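Protein chains: 2
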Amino acid sequence: MNFSSKLIEEAVNAFASLPGIGKKTALRLVLHLVGQEEEVSENFANALVKMRKGIKECTVCHNISDDEICEVCANKSRDHSLVCVVESIRDVMAIEDTGQFRGIYHVLGGVISPIEGVGPADLNITSLIHRVQKGEIKELIMAISPTIEGDTTIFFISKQLADHQVKVSTIARGISFGGELEYADELTLGRSIVSRLPYRVR
Amino acid sequence: MNFSSKLIEEAVNAFASLPGIGKKTALRLVLHLVGQEEEVSENFANALVKMRKGIKECTVCHNISDDEICEVCANKSRDHSLVCVVESIRDVMAIEDTGQFRGIYHVLGGVISPIEGVGPADLNITSLIHRVQKGEIKELIMAISPTIEGDTTIFFISKQLADHQVKVSTIARGISFGGELEYADELTLGRSIVSRLPYRVR
């Protein structure tokens with residue numbers, strides 16, 4: 001693309017370095033900012049820099065946080081004996097959005113994947129073991145993707161915790177609400193029959 | 203969406219205020235920046251603020267520019283007697299990308315549209331007349347969208363220039379290269395037959 005301005009070119013390159021944003025989209029965003037007051041660009045830039053400088057990792061659960069301890073861990077009304085183990089902060093947000101979980105979290109920062117060179121030492125597993133060793137946690141819910149890597153990670157963690165008095169569970173797998181049986185994959189459909197639930201009249 | 207962090211929320215809102223970026227995409231971009239060094243966010247923010255503060259409007263053609271006069275207008279090797287009249291700076295970039303035009307530009311900043319409340323006074327038409335009055339311009343190429351508003355704008359400008367020794371032309375309309383006749387709309391196909399060109403062996 002041919003920019004008649006070096007300044008525009010640099011701003012477009014900045015936007016285009018973000019994931020999923022190409023040069024054309026970047027140009028559209030830059031021209032939008034050109035069409036707005038100077039203040040708009042300044043506020044935008046300030047919000048980003050302030051966020052990046054201020055953001056911390058919760059020392060308890062490794063979630064992102066504005067303080068040393070995140071809002072969830074600091075909330076005394078939540079059940080601190082129930083810990084949901086997830087891969088990433090995005091999963092924390094997704095579960096929080098459901099409004100169904102009143103426990104706290106532990107963010108692993110990924111899953112064990114020998115192909116990608118991610119071993120147990122690269123994840124926040126040691127700190128999870130330490131949290132369990134303190135004895136306050138009664139149950140760990142493994143909310144981890146049902147992939148080979150995810151299952152390996154669950155297996156590894158549960159092995160490490162074999163000597164501890166803690167219940168390990170995984171999230172239910174089965175047919176999605178609104179999903180149609182005929183389009184479900186064989187593995188999911190097969191598992192959903194094996195792990196069938198007693199029917200309750202609500 | 204439920205953010206456990208005010209800083210993240212503000213940065214997401216900043217991104218989501220840009221056109222075509224929703225909350226989910228904004229969150230993805232913010233989390234990308236969180237995963238990078240602080241420097242990355244700072245450089246990104248600086249490029250935007252620097253661009254917005256430094257960008258000017260060319261005093262001759264109203265294109266965006268780093269200086270008082272844009273690169274195109276300042277280029278003496280271009281044909282200053284041939285002016286391409288366009289709606290927006292995006293059109294200038296599109297035409298520059300073709301590499302086929304060696305004249306200079308005039309950016310109107312829109313087209314006459316009574317429905318959207320845009321009258322001739324809201325566009326850079328007076329400055330175009332002034333440029334023509336100086337007598338250096340031999341031809342104006344109207345590279346304006348073939349809509350009712352676009353045609354009205356071309357008509358208005360050519361009326362204003364009726365007393366001047368300047369040729370007014372419009373860009374050719376017809377079937378796109380690679381386009382198939384049967385899928386072309388009736389108006390375009392009809393016009394392309396009326397405005398047929400003599401065939402030349404190249």
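Protein chains in written order, with our numbering: chain A, 1 to 202; chain B, 203 to 404. Cβ coordinates follow ideal geometry from the N, Cα and C atoms, glycine included. This structure is a prediction, so every number in the text was calculated from the model and none was measured.
Limits of the unbroken beta strand (DSSP E) element including B/Ser-283: Looking up residue 283 of chain B in the second sequence gives position 81. 281-288 is the extent of the beta strand (DSSP E) around B/Ser-283.
C-beta atoms of A/Asn-2 and B/Asp-299 nearer than 8 Å: One-based indexing of the first sequence puts residue 2 of chain A at position 2. One-based indexing of the second sequence puts residue 299 of chain B at position 97. Yes, they are a contact pair.
Beta-carbon spacing of A/Leu-48, B/Ala-218 below 8 Å: Residue mapping note: residue 48 of chain A aligns to position 48 of the first sequence, counting from 1. Residue mapping note: residue 218 of chain B aligns to position 16 of the second sequence, counting from 1. Not closer than 8 Å, so no.
Secondary structure of A/Arg-50, DSSP reduced to three states: Numbered from its first residue, the first sequence carries residue 50 of chain A at position 50. Looking at the sequence itself, residue 50 of chain A is Lys, so the reference to Arg does not match. A/Lys-50 falls in the helix class under three-state DSSP.
Test item: CB-CB of B/Thr-349 and B/Ile-314 under 8 Å: Locating residue 349 of chain B in the second sequence gives position 147, where the first residue counts as 1. Locating residue 314 of chain B in the second sequence gives position 112, where the first residue counts as 1. Result no, Cβ atoms of B/Thr-349 and B/Ile-314 do not sit closer than 8 Å.
Sheet register partners of B/Ser-371 (DSSP bridge): Along the second sequence, read from residue 1 onward, the residue named residue 371 of chain B stands at position 169. DSSP output for B/Ser-371 lists B/Ile-343 as bridge partner(s).
Contact list for the segment 63-84 of chain A against chain B, Cβ threshold 7 Å: Asn-63, Ile-64, Ser-65, Asp-66, Cys-70, Glu-71, Val-72
DSSP beta-bridge partners of A/Gly-103: Counted from its first residue, the first sequence places residue 103 of chain A at position 103. DSSP output for A/Gly-103 lists A/Asp-79 as bridge partner(s).
Contact list for B/His-234 against chain E, beta-carbon separation under 8 Å: This model lacks chain E altogether; the protein chains it does include are A and B.
The alpha helix (DSSP H) enclosing B/Lys-336, as first and last residue numbers: Stepping through the second sequence from its first residue, residue 336 of chain B is reached at position 134. Counting along the chain, B/Lys-336 falls outside any alpha helix (DSSP H), and DSSP gives it neither H nor E.
Exposure label - A/Asn-75; buried when at least 16 CB within 10 Å: Within the first sequence, the letter at position 75 stands for residue 75 of chain A. Burial call: exposed.
Whole-angstrom distance between A/Thr-188 and A/Leu-197, CA atom to CA atom: Taking the first residue of the first sequence as 1, we reach residue 197 of chain A at position 197. Taking the first residue of the first sequence as 1, we reach residue 188 of chain A at position 188. Going from the Cα of A/Leu-197 to the Cα of A/Thr-188 covers about 15 Å.
Cβ contact (3+ pairs, closer than 8 Å) linking the segment 279-294 of chain B and the segment 338-348 of chain B: yes
Supposed close pair A/Gly-109, A/Asn-124 - CB separation, criterion 8 Å: Position 109 of the first sequence holds residue 109 of chain A. Position 124 of the first sequence holds residue 124 of chain A. Correct: roughly 5 Å between the Cβ atoms.
Assigned exposure category for B/Arg-402 - 16 Cβ within 10 Å defines buried: Position 200 of the second sequence holds residue 402 of chain B. The residue in question, B/Arg-402, is exposed, as its Cβ has fewer than 16 Cβ neighbours within 10 Å.
Residue-level contact to chain B via CB, A/Met-93, 8 Å cutoff: The residue given as residue 93 of chain A occupies position 93 in the first sequence. With 8 Å as the cut-off, A/Met-93 counts as an interface residue toward chain B.
A/Phe-44 at chain B interface by Cβ criterion, 8 Å: Numbered from 1 along the first sequence, position 44 holds the residue referred to as residue 44 of chain A. It does; some Cβ of chain B falls within 8 Å.
Given 8 Å, three or more beta-carbon pairs between the segment 5-14 of chain A and the segment 22-39 of chain A: yes
Contacts of B/Gly-381 in chain A (Cβ-Cβ under 7 Å): The residue you call residue 381 of chain B lines up with position 179 of the second sequence. None at all; the shortest Cβ gap to chain A is about 21 Å.
Given B/Val-370 as reference, the closest of B/Val-232, B/Arg-230, B/Val-287 once Cα atoms are compared: Looking up residue 370 of chain B in the second sequence gives position 168. Of the listed residues, the one whose Cα sits closest to B/Val-370 is B/Val-287.
Beta-carbon neighbours of A/Val-49, restricted to chain B and to distances below 7 Å: Here residue 49 of chain A is taken as the residue at index 49 of the first sequence, counted from 1. What A/Val-49 touches in chain B: Ser-243, Glu-244, Ala-247.
Closest by C-alpha distance to A/Ser-41, when choosing among B/Leu-231, B/Gly-256, B/Glu-241, B/Asp-269: Your numbering for residue 41 of chain A matches position 41 in the first sequence. That would be B/Gly-256, whose Cα lies nearest to the Cα of A/Ser-41.
Contact belief for B/Cys-263 with B/Val-309 at Cβ below 8 Å, rounded distance in angstroms: If you number the second sequence from 1, residue 263 of chain B lands on position 61. If you number the second sequence from 1, residue 309 of chain B lands on position 107. Yes, they are in contact, since the Cβ atoms of B/Cys-263 and B/Val-309 sit about 6 Å apart, within 8 Å.
Pick from B/Glu-241, B/Glu-382, B/Ile-343, B/Ser-329 that is closest to B/Thr-372, judged by C-alpha positions: Walking along the second sequence from the start, residue 372 of chain B turns up at place 170. Of B/Glu-241, B/Glu-382, B/Ile-343, B/Ser-329, the residue nearest in Cα terms is B/Ile-343.
Which residues DSSP lists as bridging B/Val-320, in chain order: If you number the second sequence from 1, residue 320 of chain B lands on position 118. B/Ser-315, per the DSSP bridge assignment.
Collapsed DSSP secondary structure at A/Ile-64 in the structure displayed: For this step, residue 64 of chain A is matched to residue 64 along the first sequence. Three-state DSSP puts A/Ile-64 in a strand.
A/Pro-114 to A/Ile-157 span [Cα, whole Å]: Against the first sequence, residue 114 of chain A aligns to sequence position 114. Against the first sequence, residue 157 of chain A aligns to sequence position 157. If you take the alpha carbons of A/Pro-114 and A/Ile-157, they lie about 16 Å apart.
C-alpha distance - A/Ile-21 paired with B/Lys-252, whole-angstrom precision: Here residue 21 of chain A refers to the residue found at position 21 when the first sequence is read from its first residue. Here residue 252 of chain B refers to the residue found at position 50 when the second sequence is read from its first residue. So the alpha carbons of these two residues sit roughly 21 Å apart.
Beta-carbon gap between B/Arg-393 and B/Gly-381 smaller than 8 Å: Here residue 393 of chain B refers to the residue found at position 191 of the second sequence. Here residue 381 of chain B refers to the residue found at position 179 of the second sequence. Not in contact: B/Arg-393 and B/Gly-381 (Cβ atoms no closer than 8 Å).
Inter-residue Cα distance where the pair is B/Cys-363 and A/Lys-23: As a working note, residue 363 of chain B is residue 161 in the second sequence. As a working note, residue 23 of chain A is residue 23 in the first sequence. For the record, residue 363 of chain B in the displayed sequence is Leu; it is not Cys. If you take the alpha carbons of B/Leu-363 and A/Lys-23, they lie about 38 Å apart.
Whole-angstrom distance between B/Cys-260 and A/Leu-29, CA atom to CA atom: Translated into positions along the first sequence, residue 29 of chain A becomes position 29. Translated into positions along the second sequence, residue 260 of chain B becomes position 58. Taking the straight line joining both Cα atoms gives about 21 Å.
From A/Ala-184, A/Tyr-183, A/Ile-129, A/Ala-172, residue whose alpha carbon lies closest to that of A/Lys-159: Taking the first sequence and counting its residues from 1, the one referred to as residue 159 of chain A is at position 159. Here the closest residue by C-alpha is A/Ile-129.
Proximity below 8 Å, CB of B/His-366 to CB of B/Val-320: One-based indexing of the second sequence puts residue 366 of chain B at position 164. One-based indexing of the second sequence puts residue 320 of chain B at position 118. No, the Cβ-Cβ distance between B/His-366 and B/Val-320 is not below 8 Å.
DSSP state of B/Glu-382 mapped onto helix, strand, coil: Here residue 382 of chain B is taken as the residue at index 180 of the second sequence, counted from 1. Coil.
Beta-carbon spacing of B/Ser-207, A/Ile-64 below 8 Å: For the purposes of this step, residue 207 of chain B is taken as residue 5 along the second sequence, with counting starting at 1. For the purposes of this step, residue 64 of chain A is taken as residue 64 along the first sequence, with counting starting at 1. Yes.
First through last residue of the alpha helix (DSSP H) which encompasses B/Leu-235: Along the second sequence, one-based indexing puts residue 235 of chain B at 33. Taken as a continuous stretch (DSSP letters only), the alpha helix (DSSP H) holding B/Leu-235 covers 225-236.
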